[in-house]
Amino acid sequence: MIDTATDLDSYEYILNHYGLESLEKIGYETGKSVNAIKQIVARLKSRGELAKNEKEHATMLLNEKKEEIQVLQATVKFYQSACKEFTLLSDIVLKQINS
Numbered sequence: 001m002i003d004t005a006t007d008l009d010s011y012e013y014i015l016n017h018y019g020l021e022s023l024e025k026i027g028y029e030t031g032k033s034v035n036a037i038k039q040i041v042a043r044l045k046s047r048g049e050l051a052k053n054e055k056e057h058a059t060m061l062l063n064e065k066k067e068e069i070q071v072l073q074a075t076v077k078f079y080q081s082a083c084k085e086f087t088l089l090s091d092i093v094l095k096q097i098n099s
């Protein structure tokens with residue numbers, strides 16, 4: 001049964017991010033119409049049952065973005081150090097060529 005906030009927060013996410021076509025597919029697979037799914041989402045939202053899940057989802061997305069930023073920062077540091085090493089090596093090679 002898809003009449004729970006836990007199940008439906010993902011349906012709402014799909015509707016918002018992937019559109020009606022995906023929601024229609026979910027409706028077909030669960031035997032519910034798109035309107036029924038939308039009504040369930042609206043009912044759960046009006047009772048405040050989705051608010052907690054939405055906050056948790058937003059927190060999860062924020063944490064994922066923080067992890068991505070950390071990976072990118074580490075990548076930048078790696079390339080910066082690689083560039084410094086290349087500069088040092090090229091200076092050594094140029095000195096050897098010129099001497």
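Sequential numbering from 1 applies to the sequence shown in full-length UniProt numbering. All C-beta atoms in this analysis are idealised placements derived from N, C-alpha and C, irrespective of residue type, glycine included.
Worksheet item: Taking the Cβ atom as the reference point for each residue, do Ile37 and Gly27 lie within a distance shorter than 7 Å?
Response: As a working mapping, residue 37 is identified with position 37 in the sequence shown. As a working mapping, residue 27 is identified with position 27 in the sequence shown. Against a cut-off of 7 Å, the Cβ pair of Gly27 and Ile37 comes out as a contact.
Worksheet item: Between Ser99 and Phe78, what straight-line distance do the alpha-carbon atoms span, to the nearest angstrom?
Response: As a first step, residue 99 is located in the sequence shown; it is residue number 99 there, counting from the start. As a first step, residue 78 is located in the sequence shown; it is residue number 78 there, counting from the start. Roughly 32 Å separates the two Cα atoms.
Item to complete: Check Lys32 in the structure and name its three-state DSSP category.
Response: Looking up residue 32 in the sequence shown gives position 32. It is coil, neither helix nor strand.
Discussion item. Residues in the same chain with beta-carbon distance under 8 Å from Ser33, minus the five sequence neighbours each way, listed in chain order, please.
Written reply: Taking the sequence shown and counting its residues from 1, one reaches residue 33 at position 33. Closer than 8 Å at the Cβ level, and outside the excluded window around Ser33, lie Gly27.
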